[in-house]
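Worksheet for the structure shown next.
Chains as they are written, first to last, in the working numbering: chain Z, 241 to 540; chain C, 124 to 433.
See below:
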């Protein structure tokens, strides 16, 4: 029917499968994000470090490149080891933190600011689907920034070195994959929870940094005053670093990766405490989301 | 007739307060009014039917589907226009309504087409590309109606649809609601504390007071019976002879001062017959009016306390 016909008519056409409806949310979110030039530039610029790492892998295996500039043997200075992959993932994870703090608050707070959530949830669409839809925006973008380029680096190095190297260092691949996902899930949950709680975009963005840096400072203060290492449990960078080092190196800790995260042996807390602290953080975020993502907020 | 909404001892507690107290009713009308003073539980009832609040006991069925066990299916049948502002300020009107229609299950291209249609239908065609945050209050109300009907629901919940509207905008909104009702494609529930809105749009009314059903009536039947209830003002004629003649036609009568007569017409008797009898008796009927404000009477009676005070 043409749009000029001003009459109400019921809908009797086809419907999309109910499982696919949560994908509507990321589609609209990506359309919205594309309009921001800053975010688009930042996102593509964030892929430069993996490109630099790829160049390092290339020149490490092509001594002739150094010979051309008269730096014979310089390729031996580049070590493609656990530190290389940990630092590649570490830089990407920091950029992911910035991206999450830019786009995360814009996901939930606009819906809550003017009670738009009631309209989402008055449809055949659950709270879980809503959170999944919003979270998938972050999951997709942060994946493209973290584990996907790092896995490509691993694949490239494996291609250069051969199957034996790949087989021997398979733990790097699993470390990149699982380590990234832990980081992505934590970042996404934190961004959505703070966005839902604060409802004001700039404040929510600032709070994400606050949770990372102010909490780390608070932990350092506890360490200083109490002469203990338990304050590190407030330092998310330390916690994630400890988990990553274990994922990459297992119990054969070379300390190369740990140095990158500032998690030296002297500061160590038991690994299970790190896992438990991260799980607690996720649980708190889920609780905050469960409290705030409701069709109608009840004031008791 | 099948129930549109069946309330089966529905009780809702929020915190320590019981908001809805064992509501029991079967609503069958095409357009049903929910009336009650502020805080009576109207919005809570709608929110419970939408699944926003869990019933603490009892249940309700919407078009035969239990809200406890078929919540998703129930919501797929409903279009909801909330009482308060509900929008995403940074989205354009048509973009927002399209997204809402897609979330209701419409494929993208159908959702876009219907979003445009809905915007033209509610009279916002010219501003559909403007961000919702820039809309006036009246435009926001219309946009809420657009998103509620875009996916073609079977049941429309309108929570205080004329809130904050100026008289012309209110008239326009009421006309839209009447138009939707008269097409007969969907049932609608209109929650309001304004008697006039309900009277103009609804054929059944559920009146709530302090979370209880205070009254439930069929306005259409009331209107029909009121059409049989007349008030006349007469002049001239021989004392009592006009009344006798009218009673012979089967009318029940009561006289008032200065030629005023109240009467109830029997079924099948046309008003025209009264004029014929009056002409034969040389009586002038100066004024003839049907009984009005029936809903107000019903509402005031429902709001009365046991000692007769409001």
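Heads up, the beta-carbon is just placed ideally off N, CA and C, and yes, glycines get one too.
Note that the structure is a prediction, hence the values are computed from the model and not measured.
If you check the CB distance, residue 289 of chain C and residue 154 of chain C do not come in under 8 Å. Between the alpha carbons of residue 442 of chain Z and residue 432 of chain Z lies a distance of about 13 Å. As the crow flies, the alpha-carbon of residue 125 of chain C is around 20 Å from that of residue 250 of chain Z.
In this structure, residue 389 of chain Z sits near residue 287 of chain Z, with a CB-CB distance shorter than 8 Å.
DSSP places residue 374 of chain Z in the uninterrupted alpha helix (DSSP H) bounded by 367–385.
Collapsing the DSSP output to three states places residue 170 of chain C in a helix. Residue 453 of chain Z is classed as exposed because its beta carbon has fewer than 16 other beta carbons within 10 Å across all chains shown. Residue 322 of chain Z is bridged by DSSP to nothing; it lacks a bridge partner. Contact between residue 272 of chain C and residue 303 of chain C holds: their C-beta atoms lie close to 7 Å from each other, under 8 Å. As computed with DSSP, residue 155 of chain C is found in a beta bridge with C:312 and C:327. Within the segment 350–366 of chain Z, those residues whose Cβ lies closer than 9 Å to any Cβ of chain C are, in chain order, 350, 351, 353, 354, 355, 356, 357, 358, 359, 360, 361, 362, 363, 364, 365 and 366.
Runs of the beta strand (DSSP E) lying entirely within the segment 185–260 of chain C, each at least 3 residues long, are 201–204 in chain order. A Cβ of chain C is located within less than 8 Å of the beta carbon of residue 255 of chain Z.
Among the residues of chain C, none has a CB under 9 Å from the CB of residue 435 of chain Z; the nearest is roughly 14 Å distant. Taking residue 297 of chain Z as the centre and dropping the five residues before and after it, the same chain places the C-beta of 320, 393, 396, 397 and 400 closer than 7 Å to its C-beta, in chain order. At least one CB of chain C lies nearer than 8 Å to the CB of residue 535 of chain Z. C-alpha of residue 391 of chain C to C-alpha of residue 341 of chain C: approximately 21 Å in a straight line. Put simply, of C:177, C:422, C:141 and C:132 the residue whose alpha carbon is nearest the alpha carbon of residue 339 of chain C is C:422. Proximity of chain C to residue 248 of chain Z at the Cβ level (cut-off 9 Å) is accounted for by 240, 241, 244, 272, 275, 299, 302, 303, 306, 308 and 309, in chain order. Bounds of the alpha helix (DSSP H) holding residue 458 of chain Z are 455–466.
Judged by DSSP in its simplified three-state form, residue 534 of chain Z adopts coil rather than helix or strand.
Among the CB atoms of chain Z, one or more fall inside 8 Å of the CB of residue 230 of chain C. The distance from the Cβ of residue 329 of chain Z to that of residue 436 of chain Z is about 28 Å, inconsistent with a contact at the 8 Å cut-off.
Secondary structure at residue 314 of chain Z: helix, using DSSP grouped into helix, strand and coil. With contacts defined by Cβ atoms closer than 8 Å, residue 299 of chain C and residue 268 of chain C form a contacting pair. Annotated as distal: residue 336 of chain C and residue 165 of chain C, with beta-carbon spacing of 8 Å or more.
Under the Cβ distance rule, residue 227 of chain C counts among the residues neighbouring chain Z, one pair being separated by less than 8 Å. DSSP places residue 412 of chain C within a strand segment (E or B) once states are collapsed to three.
The beta-bridge partner set that DSSP reports for residue 384 of chain C consists of C:355 and C:378.
The Cβ of residue 264 of chain Z sits closer than 8 Å to at least one Cβ of chain C.
By the neighbour-count criterion, in which 16 or more other beta carbons inside 10 Å mark a residue as buried, residue 423 of chain Z falls on the buried side.
Between the segment 255–274 of chain Z and the segment 367–381 of chain Z, the count of C-beta pairs closer than 8 Å reaches three or more; the two stretches touch.
The count of Cβ pairs closer than 8 Å, one atom from the segment 473–493 of chain Z and one from the segment 508–518 of chain Z, reaches three, so the stretches are in contact. Residue state for residue 424 of chain C is assigned as helix, using DSSP reduced to three classes.
Taking a beta-carbon distance threshold of 8 Å, residue 261 of chain Z counts as an interface residue toward chain C. For residue 195 of chain C, the nearest CB of chain Z lies under 8 Å from its own CB, placing it at the interface with that chain.
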